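Okay, structure first, notes after.
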Amino acid sequence: MKVVAICGSPRKGNTEAMLKRVLDGAKSKGAAIELVNLSDKKIEPCRAVCDCFETERKCPIEDDMAEVINKMLAADAIVFGSPDYFKNVSGIMKNFIDRTNGICGKLKGKKAAAVSVGAQDLQNVQFCENVLIEFAKGHEMKLVGSVKATAEKAGEVLKNKEVIKKCLELGKKLSFP
Ligand SMILES: Cc1cc2nc3c(=O)[nH]c(=O)nc-3n(C[C@H](O)[C@H](O)[C@H](O)COP(=O)(O)O)c2cc1C
Numbered sequence: 012m013k014v015v016a017i018c019g020s021p022r023k024g025n026t027e028a029m030l031k032r033v034l035d036g037a038k039s040k041g042a043a044i045e046l047v048n049l050s051d052k053k054i055e056p057c058r059a060v061c062d063c064f065e066t067e068r069k070c071p072i073e074d075d076m077a078e079v080i081n082k083m084l085a086a087d088a089i090v091f092g093s094p095d096y097f098k099n100v101s102g103i104m105k106n107f108i109d110r111t112n113g114i115c116g117k118l119k120g121k122k123a124a125a126v127s128v129g130a131q132d133l134q135n136v137q138f139c140e141n142v143l144i145e146f147a148k149g150h151e152m153k154l155v156g157s158v159k160a161t162a163e164k165a166g167e168v169l170k171n172k173e174v175i176k177k178c179l180e181l182g183k184k185l186s187f188p
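Residues 12 to 188, numbered by my numbering, are exactly what the sequence shown covers, in order.
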């Protein structure tokens with residue numbers, strides 16, 4: 012069982028902290044784990060060439076997206092995490108989402124989970140959470156759960172024991188075959 016976390020924050024902050032707790036939970040149940048920080052990768056926006064989608068040809072963009080796609084294809088479960096930016100996911104997460112157009116159907120049946128965090132109230136963060144949930148559903152993944160939180164400064168979310176517990180539990184759920 013391999014669980015991969017995809018982090019859409021440009022900083023080492025709350026999203027990464029939540030994802031790390033999800034991975035801790037998965038590891039405690041014996042899963043192999045990997046954290047992918049999109050901010051460490053070069054992932055350009057989709058150019059709508061659509062070679063990836065409508066033909067057998069590959070996406071002409073030469074960046075790190077193929078590497079991230081291979082990690083997702085090899086995973087049994089994937090947790091997606093993003094900070095709430097204007098009631099949406101971050102720009103780097105949205106670029107990543109758009110670039111998965113060419114693998115529609117290939118993530119089908121894999122387990123999925125989401126974590127999202129914003130500085131305002133949970134109602135605001137819900138819009139960001141919904142983007143991640145609908146993304147996973149669009150890929151016909153099996154959504155096992157989602158955790159959202161409020162926190163502003165990097166790492167502040169770690170003070171929220173309830174959220175951290177929920178993240179650990181989510182990781183355990185992801186790691187069941
Ligand atoms: C460009 C930008 C836009 C943001 N927009 C919102 C927002 O609309 N709602 C909100 O609750 N927080 C918003 N925030 C705050 C972040 O979501 C919050 O600080 C979060 O904890 C960041 O997560 P991170 O530490 O993983 O980067 C915004 C932050 C930035 C930098």
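Glycine is no exception: its CB is placed at the ideal position from the N, C-alpha and C atoms.
Since this is a predicted model, take the numbers as computed values, not measurements.
Go through its chain and collect everything with a Cβ distance to residue i's Cβ below 8 angstroms, but skip five positions before and after it.
i             : result
glutamate 151 : Gly116, Leu118, Lys119, Gly120
valine 79     : Ile17, Val47, Leu49, Lys52, Ile54, Phe107
Contact check, residue i vs residue j under 8 angstroms by CB: the rounded distance?
i                : j              : result
serine 157       : valine 14      : Between valine 14 and serine 157 the Cβ distance is about 15 angstroms, and since that is not below 8 angstroms, they are no contact.
cysteine 178     : arginine 32    : 4 angstroms
alanine 147      : alanine 130    : Rounded, the Cβ-Cβ distance is 24 angstroms, inconsistent with contact.
valine 142       : asparagine 99  : 6 angstroms
serine 39        : lysine 183     : 7 angstroms
phenylalanine 64 : asparagine 112 : 5 angstroms
What are the boundary residues of the beta strand (DSSP E) that includes residue i?
i           : result
cysteine 18 : 13-18
Terminal residues of the continuous alpha helix (DSSP H) containing residue i?
i                 : result
glycine 156       : No alpha helix (DSSP H) holds glycine 156; the beta strand (DSSP E) holding it covers 153-161.
aspartate 74      : Segment: none, aspartate 74 is in no alpha helix (DSSP H) and carries neither H nor E.
alanine 37        : 25-39
phenylalanine 107 : 102-109
cysteine 178      : 172-186
aspartate 62      : 62-65
So, residue i versus residue j, is the Cβ gap smaller than 9 angstroms?
i              : j           : result
isoleucine 144 : alanine 125 : yes
leucine 181    : valine 47   : no
methionine 29  : alanine 160 : yes
methionine 189 : glycine 41  : Because the chain here runs from 12 to 188, residue 189 falls outside it and cannot be looked at.
Per the DSSP calculation, residue i is bridged to which residue(s)?
i             : result
serine 93     : Ser127
isoleucine 44 : Val14
lysine 122    : Ala88, Lys153
For residue i, which residues in the same chain have their Cβ closer than 6 angstroms to its Cβ, ignoring the five residues on either side in sequence?
i              : result
serine 101     : Gly19, Ser93, Pro94
isoleucine 108 : Phe146
glycine 24     : Ala165
aspartate 87   : Met12, Lys13
alanine 37     : Val14, Ile44, Gly182, Leu185, Ser186
lysine 4       : The shown model of the chain, from 12 to 188, leaves out residue 4, and the question about it has no answer.
arginine 68    : Asp62
isoleucine 175 : Arg32
Identify, in the order they occur along the chain, each residue of the same chain with its Cβ nearer than 7 angstroms to the Cβ of residue i, setting aside the five sequence neighbours on each side.
i             : result
proline 71    : Val60, Asp62
glutamate 140 : Ala125, Ser127, Ser157, Lys159
alanine 85    : Lys13
arginine 110  : Ile54, Cys57, Met76
leucine 133   : Lys159, Thr161
aspartate 74  : Lys53, Ile54, Glu55
Check whether the Cβ of residue i sits closer than 8 angstroms to any heavy atom of ligand 3, and report yes or no.
i                 : result
phenylalanine 107 : Ligands displayed in this structure: ligand 1; ligand 3 is not among them.
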